[in-house]
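Enquirer: Below you'll find the structure I mean.
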Amino acid sequence: MHEAVAGWRMNRMLSGSSVLICSPNWLGDTLMFLPAFQLWRAACPEMRVTVLARPRVAELWSMVPHIERIIAMESGAAGLLRTVSTIRTAGCDTAYLGPLSWRVALVPFLAGVTHRIGFPGHGRRGLLSVIRPPPVGRMHQTREYALLMMGRVPEADKLRRPDLRIPPVDIEHILKDGSPRRFG
Numbered sequence: 000m001h002e003a004v005a006g007w008r009m010n011r012m013l014s015g016s017s018v019l020i021c022s023p024n025w026l027g028d029t030l031m032f033l034p035a036f037q038l039w040r041a042a043c044p045e046m047r048v049t050v051l052a053r054p055r056v057a058e059l060w061s062m063v064p065h066i067e068r069i070i071a072m073e074s075g076a077a078g079l080l081r082t083v084s085t086i087r088t089a090g091c092d093t094a095y096l097g098p099l100s101w102r103v104a105l106v107p108f109l110a111g112v113t114h115r116i117g118f119p120g121h122g123r124r125g126l127l128s129v130i131r132p133p134p135v136g137r138m139h140q141t142r143e144y145a146l147l148m149m150g151r152v153p154e155a156d157k158l159r160r161p162d163l164r165i166p167p168v169d170i171e172h173i174l175k176d177g178s179p180r181r182f183g
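Numbering that gives the first Met the number 0 numbers the first residue of the sequence shown as 0 and each following residue consecutively.
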């Protein structure tokens with residue numbers, strides 16, 4: 000059996016057929032999350048993936064291959080309830096919580112997602128069904144995200160640069176102006 004698959008049987012048992020990835024809130028943090036997501040995705044290619052992201056990073060996720068759906072996290076109490084309803088209809092049975100925020104843990108909890116996997120802290124322990132032990136000592140954030148997604152820290156060479164499918168119009172804009180039109 001492939002090492003990536005054999006090493007994460009527990010992860011696969013927790014992951015049903017539809018997984019919710021709760022994205023980090025900032026662009027840089029999301030870029031550091033992507034190598035861990037890609038490693039997890041390689042081990043679980045059959046999973047349907049829905050991403051919950053703030054609008055400012057949702058467009059970045061649209062460039063990531065093998066994502067079935069992207070849900071933009073709405074703000075305010077009414078937005079929270081609409082987001083919960085949208086996730087409930089998506090039918091996700093497992094959620095990986097990238098941000099450490101209480102609100103991000105609350106959304107899959109209220110949506111009825113069975114397995115909510117994350118690090119403890121910020122008063123959200125009761126909202127998690129699987130608590131990953133927090134990282135011991137200092138480590139790069141990309142490796143922390145791998146610990147969240149995989150249940151262990153992989154060798155650094157297993158974490159690859161983000162695989163993004165940048166639309167040609169954005170490439171043209173970058174070459175012309177030095178920044179993508181969407182994130183400027």
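Ideal Cβ positions, reconstructed from N, Cα and C, are used throughout, including at glycine.
According to the neighbour-count rule (16 or more other Cβ atoms, all chains shown, within 10 Å of its Cβ), is residue 174 buried or exposed?
Expert: Answer is exposed; the Cβ neighbour count stays below 16.
Enquirer: Excluding five sequence neighbours on each side, which residues of the same chain lie with their C-beta closer than 7 Å to the C-beta of residue 165?
Expert: 62.
Enquirer: Going by other Cβ atoms of all chains shown within 10 Å of its Cβ, with 16 needed for buried, is residue 65 buried or exposed?
Expert: So residue 65 ends up on the exposed side.
Enquirer: Counting C-beta neighbours from all protein chains within 10 Å, is the total for residue 122 16 or more, i.e. buried, or is it exposed?
Expert: Exposed, by the Cβ-count rule.
Enquirer: Within the same chain, show all residues whose beta-carbon is closer than 6 Å to that of residue 144, passing over the 5 residues directly before and after it, in chain order.
Expert: Closer than 6 Å at Cβ, skipping near neighbours: 32, 35.
Enquirer: Since residue 49 is in the beta strand (DSSP E), which residue starts that stretch and which ends it?
Expert: Residue 49 -> beta strand (DSSP E) spans 47 to 52.
Enquirer: Assuming residue 96 is part of the beta strand (DSSP E), what are its boundary residues?
Expert: Start and end: 93 to 96.
Enquirer: DSSP has residue 117 in a bridge; who is on the other side?
Expert: Beta-bridge pairing links residue 117 to 130.
Enquirer: Applying the criterion that 16 or more other CB atoms from any shown protein chain within 10 Å of the CB defines a buried residue, is residue 72 buried or exposed?
Expert: When all chains shown are included, residue 72 counts as buried.
Enquirer: Just to confirm, is the Cβ distance from residue 115 to residue 94 under 8 Å?
Expert: Going by C-beta atoms, residue 115 is nearer than 8 Å to residue 94.
Enquirer: Please return the same chain residues whose Cβ sits closer than 6 Å to the Cβ of residue 160, not counting the five positions on each side in sequence.
Expert: Same-chain partners within the cutoff: there are none.
Enquirer: Of all the options 88, 56, 90, 106, which has the alpha carbon lying nearest to the alpha carbon of residue 77?
Expert: Closest option to residue 77, Cα to Cα, is 106.
Enquirer: Nearest CA to the CA of residue 84: which residue from 108, 118, 99, 98?
Expert: Residue 108 is the option with its Cα nearest to residue 84.
Enquirer: Start and end of the alpha helix (DSSP H) containing residue 81?
Expert: Segment 75 to 89, the alpha helix (DSSP H) holding residue 81.
Enquirer: Tell me, to the nearest whole angstrom, how far the beta carbon of residue 119 is from that of residue 127; I am working on the premise that it is less than 8 Å.
Expert: About 7 Å; that satisfies the 8 Å criterion.
Enquirer: How far does the alpha helix (DSSP H) with residue 109 in it reach, from first residue to last?
Expert: Note, residue 109: alpha helix (DSSP H), 101 to 109.
Enquirer: Return the Cβ separation of residue 39 and residue 149 in integer angstroms, given the expectation that the two are a contact with Cβ distance under 8 Å.
Expert: About 6 Å separates the two Cβ atoms, so the contact holds.
Enquirer: Are residue 22 and residue 48 touching if we call contact CB-CB under 8 Å?
Expert: Going by C-beta atoms, residue 22 is not nearer than 8 Å to residue 48.
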